[in-house]
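Numbering follows this note's numbering, in which position 64 of the sequence shown is assigned residue number 64; successive positions increment by one, without gaps.
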Amino acid sequence: MKQSRFLMCPPTFFGVEYVINPWMEGQIHATNNELARAQWQRLHATLTEQAGVASLPPVRGLPDLVFTANAALLYGKRAVLSSFRFAERRPESQQFASWLRADGFEVHELPSDVYFEGAGDALFDRAASVLWLGHGQRSDIQVKRYLEEIFHIEVQPLRLRNPSFYHLDTCFCPLEGGHVLYFPAAFDEEGNAAIEARVAAEKRIPVSDDDALHFACNAVNLEGRIVLNAASSSLSEQLRRRGFQVTTTALTEFIRAGGAAKCLSLRLDEPLLSGTNGA
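Structure follows, in structure tokens:
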């Protein structure tokens, strides 16, 4: 079996230096750099047990570059580069574009007036040929047609209504076998209806407020293993009953900035789904 690949960026210059989401409120210069490095290294070590991990060089002045999931949406060897809503993060795009091109990706750039924050807001289902798109906080609904045209895949929009869950990957995680880990309160009524219509009841795993606030949905799913910051005993048991191995690795310093395991890693080899074209 081919080994999965991820992109991570060392937290050399990570810190909360501005406020662009509710998690950052009151956290300016409050991160413990030594602890952040140790937590990142544990996540890196955990992923390298099952996958290859490439490195994006850190850049002084770009503290959120560490959140590589926001770089782009990748499928096959095509990449749709992020177009960040906040000016503080826009300089990251060139760093991501240069790395992806050097790695052999065909990089597509969106119009400057269309906001899209990559694999933070666009997640491939693990059983159906569907791309779930979070919008309403960071990414625009207008990006839907661009993703459909570039990847030739059906896009299911989900409106995010809670500013604390500003990216789809903070509150929604497609899992192997068609299961979905999600926080219903993060979505509007139409979004929840779409999830319920597409995902069978026995495949849906709604999380509690407490699990959501500990970023349980911001998880990395590697085949039968789920890597995440923390999970309650109840959630862990639900996942184990469905055949998943749960691995927790504390990422509390990164949660100060609004991210955890999924935000800190970008999968470079999304499995191609039947009926789509990611060439």
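From the three backbone atoms N, C-alpha and C, an ideal C-beta is built for every residue, glycine too. A quick note: this is a predicted structure, and the numbers were derived from the prediction, not measured.
Any idea what DSSP makes of residue i, helix, strand or coil?
i, result
"Phe86", "coil"
"Ile302", "In the structure displayed, the chain extends from 1 to 279; residue 302 sits before or after that span and is not available."
"Ser164", "coil"
"Glu17", "coil"
"Ile195", "helix"
"Gly129", "The displayed chain sequence assigns Ser, not Gly, to residue 129. Reduced to three states, the DSSP call for Ser129 is coil."
"Gly177", "helix"
"Phe244", "coil"
"Glu190", "helix"
"Phe215", "coil"
"Ala200", "coil"
Buried or exposed: which applies to residue i, given that a residue is buried once 16 or more other Cβ atoms fall within 10 Å of its Cβ?
i, result
"Ile226", "buried"
"Asn33", "exposed"
"Pro11", "buried"
"Glu92", "buried"
"Glu117", "buried"
"Glu190", "exposed"
"His135", "buried"
"Thr48", "exposed"
"Gly259", "buried"
"Glu253", "buried"
Would you kindly report the start and end of the unbroken alpha helix (DSSP H) that includes residue i?
i, result
"Ala72", "Taken as a continuous stretch (DSSP letters only), Ala72 belongs to no alpha helix (DSSP H), being part of the beta strand (DSSP E) at Ala72 to Tyr75."
"Trp40", "Asn33 to Thr48"
"Thr252", "Thr252 to Ile255"
In terms of residue numbering, what span does the beta strand (DSSP E) encompassing residue i cover?
i, result
"Tyr146", "Careful: Tyr146 lies outside any beta strand (DSSP E), inside the alpha helix (DSSP H) at Val143 to Phe151."
"Leu117", "It is Glu, not Leu, that sits at residue 117 in the sequence shown. Careful: Glu117 lies outside any beta strand (DSSP E) and carries neither H nor E."
In the DSSP assignment, what are the bridge partners of residue i?
i, result
"Ala51", "Ser4"
"Val220", "Val227"
"Val155", "Leu131"
"His29", "In the DSSP output, where bridge partners are listed per residue, His29 has none listed."
Following a CB-centred definition, is residue i positioned closer than 6 Å to any heavy atom of the ligand ADP?
i, result
"His108", "Among the ligands in the structure shown, none appear at all, so the ligand ADP cannot be discussed."
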